[in-house]
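Undergrad:
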Amino acid sequence: MAAIDTDLAVSPASATEPRWYPYALIAPAMITFVLVALVPFLFAVFISFHQMKYGRLGDFAGFENYGALLSDSRFWNSMAIAALFVAIAVPLEFMLGLAGALMLCRPIWGRSALVPLLFIPTTMAPIVVGLLWKIMLAGSWGLLSTNVIEPLGLVGEISIFASPDLALYALIFVDVWQWTPFMMLAFFAGLQALPVNPYRAAAVDGATPVQAFFRLTLPMMAPLLVVIGLLRLIDAFKVFDSIFILTGGGPGTSTEMPSVLAYKMTFEFWNIGEASALAVVVWLLFFAFCNVFYQLAKKKLNAF
Amino acid sequence: MNRNGFTPRCRLLAGAALATGLLAGLAGPASAAWSYAEAAKPYKGTTIHVLDEITPLQETLAKLVPTFTEETGIKVEYELLNHFEVINKGQADMLSGRGYYDAIMLHGFQLGPMLDAGVLRPIDDLKANAALADPDFDEADLIEPAYKTTAFSGGKQYGFLNWNYNQIYWARGDLFGDPGEQAAFKAKYGYALAPATTFKQLRDIAEFFTRPAGATLAGKTLDSPFYGIVLEGIKGGSTFLSMWGNFIKSYGGDIVDADGHPTFDTPTNVEAIAAWAELWKFAPPGTAEYSLIDVPTVMGNGIAAQAIAWSDFVLGIDRPGASPYAGKFLYGAMPYKEGMEAKRSVEGEPSAIVISQASKNPEATFLFLQWLVEKQQQTKLLEAGQGGVPIRESSWSLPVMQDGPLAGMFKAMKSSLEVTTGKPKMPKFYELYDALTGISQEIGLGKLSPAEGAAKAQKAMLGICDPCLLK
Numbered sequence: 001m002a003a004i005d006t007d008l009a010v011s012p013a014s015a016t017e018p019r020w021y022p023y024a025l026i027a028p029a030m031i032t033f034v035l036v037a038l039v040p041f042l043f044a045v046f047i048s049f050h051q052m053k054y055g056r057l058g059d060f061a062g063f064e065n066y067g068a069l070l071s072d073s074r075f076w077n078s079m080a081i082a083a084l085f086v087a088i089a090v091p092l093e094f095m096l097g098l099a100g101a102l103m104l105c106r107p108i109w110g111r112s113a114l115v116p117l118l119f120i121p122t123t124m125a126p127i128v129v130g131l132l133w134k135i136m137l138a139g140s141w142g143l144l145s146t147n148v149i150e151p152l153g154l155v156g157e158i159s160i161f162a163s164p165d166l167a168l169y170a171l172i173f174v175d176v177w178q179w180t181p182f183m184m185l186a187f188f189a190g191l192q193a194l195p196v197n198p199y200r201a202a203a204v205d206g207a208t209p210v211q212a213f214f215r216l217t218l219p220m221m222a223p224l225l226v227v228i229g230l231l232r233l234i235d236a237f238k239v240f241d242s243i244f245i246l247t248g249g250g251p252g253t254s255t256e257m258p259s260v261l262a263y264k265m266t267f268e269f270w271n272i273g274e275a276s277a278l279a280v281v282v283w284l285l286f287f288a289f290c291n292v293f294y295q296l297a298k299k300k301l302n303a304f
Numbered sequence: 001m002n003r004n005g006f007t008p009r010c011r012l013l014a015g016a017a018l019a020t021g022l023l024a025g026l027a028g029p030a031s032a033a034w035s036y037a038e039a040a041k042p043y044k045g046t047t048i049h050v051l052d053e054i055t056p057l058q059e060t061l062a063k064l065v066p067t068f069t070e071e072t073g074i075k076v077e078y079e080l081l082n083h084f085e086v087i088n089k090g091q092a093d094m095l096s097g098r099g100y101y102d103a104i105m106l107h108g109f110q111l112g113p114m115l116d117a118g119v120l121r122p123i124d125d126l127k128a129n130a131a132l133a134d135p136d137f138d139e140a141d142l143i144e145p146a147y148k149t150t151a152f153s154g155g156k157q158y159g160f161l162n163w164n165y166n167q168i169y170w171a172r173g174d175l176f177g178d179p180g181e182q183a184a185f186k187a188k189y190g191y192a193l194a195p196a197t198t199f200k201q202l203r204d205i206a207e208f209f210t211r212p213a214g215a216t217l218a219g220k221t222l223d224s225p226f227y228g229i230v231l232e233g234i235k236g237g238s239t240f241l242s243m244w245g246n247f248i249k250s251y252g253g254d255i256v257d258a259d260g261h262p263t264f265d266t267p268t269n270v271e272a273i274a275a276w277a278e279l280w281k282f283a284p285p286g287t288a289e290y291s292l293i294d295v296p297t298v299m300g301n302g303i304a305a306q307a308i309a310w311s312d313f314v315l316g317i318d319r320p321g322a323s324p325y326a327g328k329f330l331y332g333a334m335p336y337k338e339g340m341e342a343k344r345s346v347e348g349e350p351s352a353i354v355i356s357q358a359s360k361n362p363e364a365t366f367l368f369l370q371w372l373v374e375k376q377q378q379t380k381l382l383e384a385g386q387g388g389v390p391i392r393e394s395s396w397s398l399p400v401m402q403d404g405p406l407a408g409m410f411k412a413m414k415s416s417l418e419v420t421t422g423k424p425k426m427p428k429f430y431e432l433y434d435a436l437t438g439i440s441q442e443i444g445l446g447k448l449s450p451a452e453g454a455a456k457a458q459k460a461m462l463g464i465c466d467p468c469l470l471k
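Protein chains in written order, with UniProt numbering: chain W, 1 to 304; chain V, 1 to 471.
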């Protein structure tokens with residue numbers, strides 16, 4: 001086995017390859033990354049330190065935009081809403097996804113047809129998801145509103161998206177509806193790839209299914225669970241389309257996440273300097289969070 | 001015969017002929033000779049790009065635009081986008097200096113920020129150019145006070161009056177004419193049921209017609225709840241503008257004083273906001289989701305007795321096939337506060353198509369904009385659309401406005417336009433609008449009392465601008 005590994009590591013072809021060859025292979029991806037992500041981001045950082053009114057770059061402003069942003073209660077309100085959104089939506093999607101994946105691993109009739117169907121919400125454009133749920137839940141004329149919610153008096157006098165108390169939870173529901181199948185299928189794929197032998201050994205030792213799940217499945221799935229969970233968390237924090245379509249950040253500012261606020265600052269108020277500062281602050285938060293998360297996952301879960 | 005061979009009589013005749021020719025050249029014939037074909041000769045073959053908002057009015061206008069090209073040889077790419085897109089795309093084009101669009105339709109409220117940004121080209125020099133300006137263009141015929149309060153700022157002119165959006169009162173004639181409902185209303189309120197002319201009547205009618213499922217309406221049992229009024233309440237659109245233009249101003253208040261300092265929390269304003277907020281109790285549960293497009297749609301679906309709506313959107317509903325209640329609607333002038341008819345105010349959005357500072361074809365664009373506003377085009381537009389929203393006083397006398405099936409609506413519209421003004425030019429309008437719309441929603445939904453909302457709005461305004469008017 002060791003001999004085979006050695007042969008693969010130092011194949012005759014790789015020994016004769018020029019030194020630039022690996023760089024050439026990753027160049028297309030790196031160039032794309034630099035052009036579509038890094039350069040715009042660095043430009044946003046640059047703008048965040050300048051005055052930029054009506055799209056015109058003005059004088060160097062130091063930390064003025066950051067100061068204005070951090071003293072704006074609306075920014076903190078949006079961060080709190082995003083935190084609540086993520087804190088409810090992601091764990092729900094995670095748990096429901098994992099439970100669904102475990103169910104899919106069992107011999108269910110019609111599983112081969114069910115799996116592609118489950119992908120439908122995830123493959124839909126978020127804007128379409130927003131429009132779909134507007135048709136379902138809109139006050140007075142929404143399909144579910146008029147036929148189920150209002151006749152049963154489930155939400156009182158006002159419609160769901162018109163209620164400052166309910167609108168955010170409706171958005172969380174829509175997010176869970178869209179992304180749970182993705183989690184489910186990702187976890188299902190991970191479960192399918194787990195080796196069988198440890199389970200056979202556990203069965204011989206008399207382990208119950210619950211013990212097997214906590215002692216074998218979860219530890220072996222940990223890297224995948226951590227990566228998928230982290231990706232979903234980042235994605236949920238920056239959700240925009242469905243909110244834009246369903247509530248526009250309202251009623252009041254009750255569903256105004258940082259992404260919606262950034263959009264307004266940029267394209268409605270034309271305060272691009274402060275909007276860039278917002279983007280940079282959110283990036284810094286995630287940069288710090290991801291690093292801490294990575295270190296913890298590495299140490300505690302042996303995930304990476 | 002003298003040295004040059006002309007007799008004195010001959011000289012006299014020649015002088016008279018020359019004088020006549022000169023006078024003719026200076027006065028009458030210039031007017032008679034001016035034509036778009038002649039004025040457009042230097043610009044023949046030019047293509048101009050014009051961005052406008054899509055409503056039934058502009059769709060009708062789009063069919064007339066090719067005749068300008070036939071007349072002048074100037075090709076017009078007349079692009080129509082929805083309300084929100086025309087704002088975003090139009091402003092982005094102007095602010096970026098790209099200049100793809102030579103002219104862009106701006107709602108009145110956009111003028112403040114765009115003037116502040118310095119991206120609008122004044123048209124005074126083009127208007128003063130005898131080769132471009134139609135001497136028969138009857139400027140005094142443009143509807144006031146909308147024209148002057150919209151197209152001018154800081155002593156300069158930036159366009160004409162192109163669209164004259166305004167709100168009107170809209171009611172279900174079949175319900176108002178029902179003898180049972182009339183009798184019940186009179187018994188409860190002590191006066192006859194008729195389209196509201198005052199805010200008190202508006203409120204009473206809204207309360208009267210708000211009924212749960214299972215109740216009776218005009219002799220029929222309701223399968224689902226019925227509502228007394230439909231209002232716009234979405235975060236965006238004209239929710240706040242309607243409260244401001246129709247209620248606050250009609251009560252004699254305003255959100256800024258003459259110098260532009262915020263005055264949102266005055267007792268007068270609080271009283272006006274309370275009158276507006278009370279109507280939400282009689283509106284459908286989805287009011288906070290209703291946009292300016294949803295209001296006429298919902299009214300057309302027949303779930304409410306009355307509405308405050310944009311008249312141009314009503315045109316899309318009150319026509320055969322668009323609503324089962326088409327032809328059964330009643331219209332009226334926007335109600336006002338009792339005893340304050342002289343102060344009445346109606347929310348409107350007089351709008352202008354303006355020339356971008358980045359336009360490379362300002363002369364050809366000016367010709368097109370002037371052509372659009374000419375009486376001839378306005379007549380054709382209103383006749384082709386079986387009515388519309390006039391920008392000229394003379395349009396009211398057209399047969400289609402007087403005798404058509406929507407004559408009642410045009411009468412209401414005329415009343416609205418008598419007092420409709422352009423928005424004050426506020427550079428920070430969008431920040432104000434976003435904050436105040438959100439607070440308006442909270443007041444309408446009962447999350448804030450009118451006094452709390454007004455105080456919050458005042459604080460928000462002070463945080464955004466003071467003074468708030470363009471200097």
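All C-beta atoms in this analysis are idealised placements derived from N, C-alpha and C, irrespective of residue type, glycine included.
Residues of chain V with CB under 8 Å from W:TRP133, in chain order?
TA: Within chain V, no residue comes near W:TRP133; the closest Cβ sits about 12 Å away, beyond 8 Å.
Undergrad: Can you tell me whether DSSP reads W:GLN74 as helix, strand or coil?
TA: Checking the sequence, you will find Arg at residue 74 of chain W rather than Gln. If DSSP states are grouped into helix, strand and coil, W:ARG74 belongs with the helices.
Undergrad: Which word fits W:SER78, buried or exposed, when buried means at least 16 other C-beta atoms lie within 10 angstroms of its C-beta?
TA: Buried, because 16 or more other Cβ atoms sit within 10 Å of the Cβ of W:SER78.
Undergrad: Could you tell me if residue 310 of chain W is buried or exposed, where buried requires 16 or more neighbouring beta carbons within 10 angstroms of its beta carbon?
TA: Coverage of chain W is limited to positions 1 through 304, which leaves residue 310 of chain W absent and any answer about it impossible.
Undergrad: Measuring alpha carbon to alpha carbon, tell me which of V:TRP170, V:PRO212, V:THR60 and V:TYR147 ends up nearest V:ASN162.
TA: Taking only the C-alpha atoms, the option nearest V:ASN162 is V:TYR147.
Undergrad: Could you name the residues of the same chain whose beta carbon sits closer than 7 Å to that of W:MET95, not counting the 5 residues immediately before and after it, in chain order?
TA: Nothing listed; no residue qualifies.
Undergrad: Using DSSP's beta-bridge definition, name the partner residues of V:MET105.
TA: Partner(s): V:ILE353.
Undergrad: In angstroms with no decimal places, state the Cα-to-Cα distance between W:ILE120 and V:ALA272.
TA: Answer to the nearest angstrom: the Cα atoms are 49 Å apart.
Undergrad: Where does the unbroken beta strand (DSSP E) through V:TYR290 begin, and where does it stop?
TA: Taken as a continuous stretch (DSSP letters only), V:TYR290 belongs to no beta strand (DSSP E), as it is neither H nor E.
Undergrad: Taking CB distances under 8 Å as the criterion, tell me whether W:PHE289 reaches chain V.
TA: By this cut-off, W:PHE289 is not an interface position.
Undergrad: Decide if V:GLU59 is buried, meaning its Cβ has at least 16 other Cβ atoms within 10 Å, or exposed.
TA: Burial call: exposed.
Undergrad: Helix, strand or coil for V:ALA454, going by three-state DSSP, please let me know.
TA: Correct three-state label for V:ALA454: helix.
Undergrad: For the alpha helix (DSSP H) containing W:TRP179, name the first residue and the last one.
TA: Run containing W:TRP179: 167-192, per the alpha helix (DSSP H) assignment.
Undergrad: How is the beta strand (DSSP E) around W:ARG232 delimited, first residue to last?
TA: Element bounds for W:ARG232: not the beta strand (DSSP E) but the alpha helix (DSSP H), 218-237.
Undergrad: Report yes or no: do three or more beta-carbon pairs, one from the stretch 342-362 of chain V and one from the stretch 241-254 of chain V, lie closer than 8 Å?
TA: The answer is yes - the stretch 241-254 of chain V touches the stretch 342-362 of chain V, with three or more Cβ pairs under 8 Å.
Undergrad: Identify the contact partners of W:PHE33 in chain V, using a Cβ-Cβ distance below 7 Å as the criterion.
TA: Ordered by position in chain V, no residue passes the 7 Å Cβ test against W:PHE33, which lies about 26 Å from the chain.
Undergrad: Residue 478 of chain V CB to nearest chain W CB: under 8 Å?
TA: Since the first residue of chain V shown is 1 and the last is 471, residue 478 of chain V is not available in this structure.
Undergrad: Using CA coordinates, which residue listed in V:ALA218, V:ALA151, V:LEU382 and V:VAL295 is at the minimum distance from residue 480 of chain V?
TA: In the structure displayed, chain V extends from 1 to 471; residue 480 of chain V sits before or after that span and is not available.
Undergrad: Out of V:GLY332, V:THR420, V:ARG319 and V:ILE443, point me to the one whose CA is closest to V:ALA194's CA.
TA: Cα-wise, what sits closest to V:ALA194 is V:GLY332.
Undergrad: Does W:SER159 get closer than 8 Å to chain V when you measure Cβ to Cβ?
TA: So yes, W:SER159 belongs to the interface.
Undergrad: Please tell me whether V:LYS132 and V:LYS89 are closer than 8 Å, where the distance is taken between their beta carbons.
TA: What sits at residue 132 of chain V in the sequence shown is Leu, not Lys. Taking 8 Å as the Cβ cut-off, V:LEU132 and V:LYS89 do not qualify as a contacting pair.
Undergrad: Less than 8 Å between the CB atoms is what I'm expecting for V:THR166 and V:SER311, so what's the real figure, rounded?
TA: The displayed chain sequence assigns Asn, not Thr, to residue 166 of chain V. 6 Å between Cβ atoms; contact.
Undergrad: What's the gap between the Cα of V:ASP204 and the Cα of V:GLY219?
TA: Cα-Cα distance, rounded: 20 Å.
Undergrad: Are the C-beta of V:ASP434 and some C-beta of chain W separated by less than 8 Å?
TA: Closer than 8 Å to some Cβ of chain W, the Cβ of V:ASP434 qualifies, so yes.
Undergrad: Just to make sure I have the definition right: I need the residues of chain W whose C-beta is within less than 8 Å of the C-beta of V:SER96. Which are they?
TA: Those within 8 Å of V:SER96 in chain W are GLY55.
Undergrad: Are there 16 or more other CB atoms within 10 angstroms of the CB of V:PHE199, so buried, or fewer, so exposed?
TA: Buried, by the Cβ-count rule.
Undergrad: So what does V:ALA309 bridge to, in DSSP terms?
TA: According to DSSP, which records beta bridges pairwise, V:ALA309 is partnered with V:ILE168.
Undergrad: Is there a C-beta anywhere in chain V that falls below 8 Å from the one on W:LYS300?
TA: False, the Cβ-Cβ gap to chain V never drops below 8 Å.
Undergrad: Quick one: which chain W residues come within Cβ less than 8 Å of V:GLN357?
TA: Ordered by position in chain W, no residue passes the 8 Å Cβ test against V:GLN357, which lies about 12 Å from the chain.
Undergrad: Is there a Cβ from chain V that is less than 8 Å from the Cβ of W:PRO251?
TA: So, interface residue.
Undergrad: In terms of residues, what are the limits of the beta strand (DSSP E) holding W:ARG111?
TA: Not the beta strand (DSSP E): W:ARG111 falls in the alpha helix (DSSP H), residues 111-118.
Undergrad: I'd like to confirm the pairing. Which residues does DSSP put opposite V:GLU77 in its beta bridges?
TA: V:GLU77 pairs with V:HIS49.
Undergrad: Using a threshold of 8 Å, state whether the C-beta atoms of V:LEU217 and V:ILE308 are closer than that.
TA: Taking 8 Å as the Cβ cut-off, V:LEU217 and V:ILE308 do not qualify as a contacting pair.
Undergrad: List, in chain order, every chain W residue whose beta-carbon is nearer than 7 Å to that of V:GLY236.
TA: GLY248, listed in chain order.
Undergrad: Near W:SER145, which residues of its chain fall below 8 Å by C-beta distance, leaving aside the five closest residues on each side in sequence?
TA: Only MET136, LEU137, ALA138, GLY139, SER159 and ILE160 meet the Cβ criterion.
Undergrad: Under three-state DSSP, which class holds V:HIS261?
TA: Looking at V:HIS261 - three-state DSSP - the assignment turns out to be coil, as it is neither helix nor strand.
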